[in-house]
Amino acid sequence: MSERAMVRDARIFVAGHHGLVGGAIMRRLQADGFDNLLLTSRAELDLTDQAAVNVWFEHERPAFVFLAAAKVGGIVANATYPADFIRDNLLIQSNVIDAAFRNGVRKLLFLGSSCIYPQMAPQPIREDDLLTGPLEPTNEWYAVAKIAGIKLCQAYRRQYGFDAINLMPTNLYGPGDNFDSQTSHVLPALIRKFHEAQTVQAPEVAVWGTGTPRREFLHVDDLAGAATFLMQHYSDEHIINVGVGEDVCITELATLIADVVGYRGRIMYDRSKPDGTPRKLLDVTRLHDLGWQARIPLRDGVAATYRWYVDQLAR
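Here the sequence shown is numbered in this note's numbering, starting from -19 and rising by one per residue.
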């Protein structure tokens, strides 16, 4: 077995395990029998604090790192807090990647985002489309930080031989998502909006934009499966897209969510609100060629996520 393969008792740091992605990776590792997980909260370790991160790595000495910690949010959050998004993500990435290298981590997996690609990239978007055109203005601060994280991993691999790999997930959803009306992404925002409308029997629900943009949605448990698979089976500087390979328009998504929730009122579209990127579908040929494909259909995933949301409200 390669010294870089994760064995069951390997010390594994899941950075950001309280978040949507980190939580799913943690659950997947535990389900697969990895029981030596290093889990620390933001209150215990501030990943934007370089000195604290260095001390933690020197003491804990993880062998593998899943870097899922990040400051994330939707269009409103990105527009409202651009400095926070670029600063915090640059600090988190730089601190963790450098400390991991300097303290003997065998392998690090960095989670990027599909927003790294140009706003008008050809569809589906190939990994080689990175840095070939302008970014989507509504989230460029976050995207620039994530691109810097990718390049940092590649640079450490080239200069030091550090085994860092880069995954670019498409739009994610699932248990543990953010359902806040001001900072959430489109799918959880619509789940909340339709649930609240159904609860009060509102005659109509307003959805931002025209409804025409197309988006690809990957259940976070599928992403976790891809992350653990690639941590075991992939080692190269080339980035890997992680998605399902198909998309839906926002109108189709809203109709699906309304049906899952049981809402029967009208769906209206507020054209004064931004649409964002017209289409964002990832080319997942490279991932499929490596032997991994998503398994959770969108409707099944939305239904499970809605059940989780309702359960949280009942607590």
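For glycine and all other residues, C-beta sits at the position ideal for the given N, C-alpha and C.
Exercise. For Asp250, which residues does DSSP report across the bridge?
Worked result: BP columns for Asp250 point to Trp188.
Problem set entry | Other residues of its chain near Gly245: CB distance less than 7 Å, five sequence neighbours each side excluded | The residues Ala177, Ala182, Pro183, Glu184, Val185, in chain order, have a CB closer than 7 Å to that of Gly245 in the same chain once the five nearest residues on each side in sequence are set aside.
For this session: Between the Cα of Val224 and those of Glu120, Leu152, Phe142, Asp(-11), spot the shortest distance and give me the residue it belongs to.
Result: Considering only alpha carbons, the answer is Leu152.
For this session: Give a yes or no on whether the C-beta atoms belonging to Val1 and Leu91 are separated by under 8 Å.
Result: In contact: Val1 and Leu91 (Cβ atoms closer than 8 Å).
Problem set entry | Sub-8 Å separation of Leu19 and Val76 beta-carbons | Not in contact: Leu19 and Val76 (Cβ atoms no closer than 8 Å).
Problem set entry | Per-residue burial, Asn69 [other beta carbons within 10 Å of its own, 16 or more giving buried] | Result: buried.
For this session: Mark Leu293 as exposed unless 16 or more other C-beta atoms lie within 10 angstroms of its C-beta, in which case mark it buried.
Result: By the 10 Å Cβ count, Leu293 comes out exposed.
Exercise. How many angstroms separate the CA atom of Glu196 from the CA atom of Lys51?
Worked result: Computed Cα separation, rounded: 21 Å.
Exercise. Just the Cα atoms here: how many angstroms apart are Ile66 and Tyr122?
Worked result: Straight-line spacing of the CA atoms in Ile66 and Tyr122 works out to 5 Å.
Exercise. In chain order, what residues of the same chain lie with their CB nearer than 7 Å to the CB of Arg194, ignoring the 5 residues before and after it?
Worked result: Residues Asp227, Val228, Cys229, Arg259, Leu261 of the same chain have their beta carbon placed closer than 7 Å to that of Arg194, with the five preceding and five following residues left out of the count.
Exercise. Around the C-beta of Asn16, are 16 or more other C-beta atoms found within 10 angstroms, so that it is buried, or is it exposed?
Worked result: With fewer than 16 other Cβ atoms within 10 Å, it is exposed.
Exercise. Using CA coordinates, which residue listed in Thr118, Tyr136, Arg172 is at the minimum distance from Thr60?
Worked result: Restricting attention to Thr118, Tyr136, Arg172, the CA atom closest to the CA of Thr60 is found in Thr118.
Problem set entry | Span of the alpha helix (DSSP H) around Tyr286 | Residues 278 to 294.
Exercise. Can you round the beta-carbon distance between Ala283 and Val240 to whole angstroms, since I take them to be within the 8 Å contact cut?
Worked result: Yes, Ala283 and Val240 are in contact; Cβ-Cβ is about 5 Å, under 8 Å.
Exercise. For Lys87, which beta-bridge partners are listed by DSSP?
Worked result: Within the DSSP bridge table, the entry for Lys87 names Phe44 as partners.
Problem set entry | Simplified DSSP state of Leu152, which is helix, strand or coil | Three-state DSSP puts Leu152 in a strand.
Problem set entry | Whether Arg251 touches Thr190 by CB criterion (8 Å) | The Cβ atoms of Arg251 and Thr190 lie closer than 8 Å to each other.
For this session: Thinking Ala43 and Val200 are a contact (beta carbons under 8 Å), I'd like their distance in whole angstroms, please.
Result: Contact between Ala43 and Val200 fails: their C-beta atoms lie close to 24 Å from each other, not under 8 Å.
For this session: Measuring alpha carbon to alpha carbon, tell me which of Asn158, Trp188, Ile220 ends up nearest Gly256.
Result: The residue among Asn158, Trp188, Ile220 with its C-alpha nearest the C-alpha of Gly256 is Trp188.
Exercise. Pick from Leu71, Gly156, Gln162, Ser215: whose alpha carbon is nearest that of Arg134?
Worked result: The question names Arg, yet the displayed sequence has Gln at residue 134. Residue Ser215 is the option with its Cα nearest to Gln134.
Exercise. Relative to the alpha-carbon of His(-2), which residue among Pro104, Leu147, Pro102, Ser21 has its alpha-carbon at the smallest distance?
Worked result: Checking every option, the nearest Cα to that of His(-2) belongs to Ser21.
Exercise. Where are the alpha helix (DSSP H) runs, 4 residues long or more, that stay fully inside the segment 159 to 234, in chain order?
Worked result: Taking 4 residues as the minimum length, the alpha helix (DSSP H) runs contained wholly in the segment 159 to 234 are 166 to 180, 200 to 213, in order along the chain.
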